[in-house]
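The block underneath contains the structure these notes are about, expressed in structure tokens.
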Amino acid sequence: MTEKQSHKKILLIKAKEDLDTAQKLISLSDYSEEIVAFHCQQAIEKALKAYLDSQNIIYPKTHDLETLLSLCLEQDPSFEKIDYVTELTPYAIEIKYDEFVSLKQAEVEELVKQTQTAVNFIVKKV
């Protein structure tokens with residue numbers, strides 16, 4: 001297994017772990033919306049990077065999902081189906097340092113569903 005293949009595999013495992021964590025958190029009666037949103041963003045970021053690795057595309061060190069998605073779109077226009085993932089970028093860093101705009105429970109549950117859909121889409125492409 002090449003270093004690139006190994007990195008891709010690790011990213012996919014970690015993307016699934018982040019998604020699993022988000023899903024488990026929303027099943028609790030008391031959870032942090034910020035933390036769920038962070039794990040959703042991380043799942044998407046890692047899955048996109050795994051795809052880019054699988055295509056031997058060099059990408060910048062970034063948490064910006066719009067940048068990563070743009071690189072994916074150059075390779076495969078069908079990534080347009082998940083263009084909504086770019087809305088997750090603020091959850092990567094801002095929630096750690098800035099005041100967070102709170103999400104309602106229904107919004108968080110929808111966020112997790114959208115993340116599941118996007119991760120599944122990306123995994124099929126890898």
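Going by UniProt numbering, 31 is the number at position 31 of the sequence shown; the sequence numbering is gapless. Note that the Cβ used here is the ideal one computed from N, Cα and C, for glycine as well.
Using a threshold of 7 Å, is the CB atom of residue i nearer than that to any non-hydrogen atom of the ligand COA?
| i | result |
| --- | --- |
| K14 | In terms of ligand content, the structure shown is empty, and the ligand COA therefore cannot be addressed. |
Just to check my reading of the structure: residue i and residue j have Cβ atoms closer than 8 Å, yes? What is that Cβ distance to the nearest angstrom?
| i | j | result |
| --- | --- | --- |
| I10 | T115 | Contact flag wrong, Cβ pair sits at about 19 Å. |
| K46 | A15 | 4 Å |
| E33 | V108 | 5 Å |
| Q75 | I57 | 6 Å |
Which same chain residues, not among the five before or five after residue i, have their C-beta less than 8 Å away from its C-beta?
| i | result |
| --- | --- |
| T86 | L65, E66 and L69 |
Here's a check: name, in chain order, each residue in its chain whose Cβ is nearer than 7 Å to the Cβ of residue i, leaving out the five neighbours to either side.
| i | result |
| --- | --- |
| I13 | none |
| I26 | V36, V108, E109 and V112 |
| Y31 | L25 |
| L71 | L52, I57 and Y59 |
Within 10 Å of its beta-carbon, does residue i have 16 or more other beta-carbons around it, so buried, or fewer, so exposed?
| i | result |
| --- | --- |
| A106 | exposed |
| D53 | buried |
| K24 | exposed |
| L28 | exposed |
Using C-beta distances below 6 Å, list every residue in its chain close to residue i, excluding the 5 sequence neighbours before and after it, in chain order.
| i | result |
| --- | --- |
| Q41 | L88, Y91 and A92 |
| Q55 | Q75 |
In terms of residues, what are the limits of the alpha helix (DSSP H) holding residue i?
| i | result |
| --- | --- |
| K46 | E33 to S54 |
| T67 | L65 to Q75 |
| I122 | Q105 to K125 |
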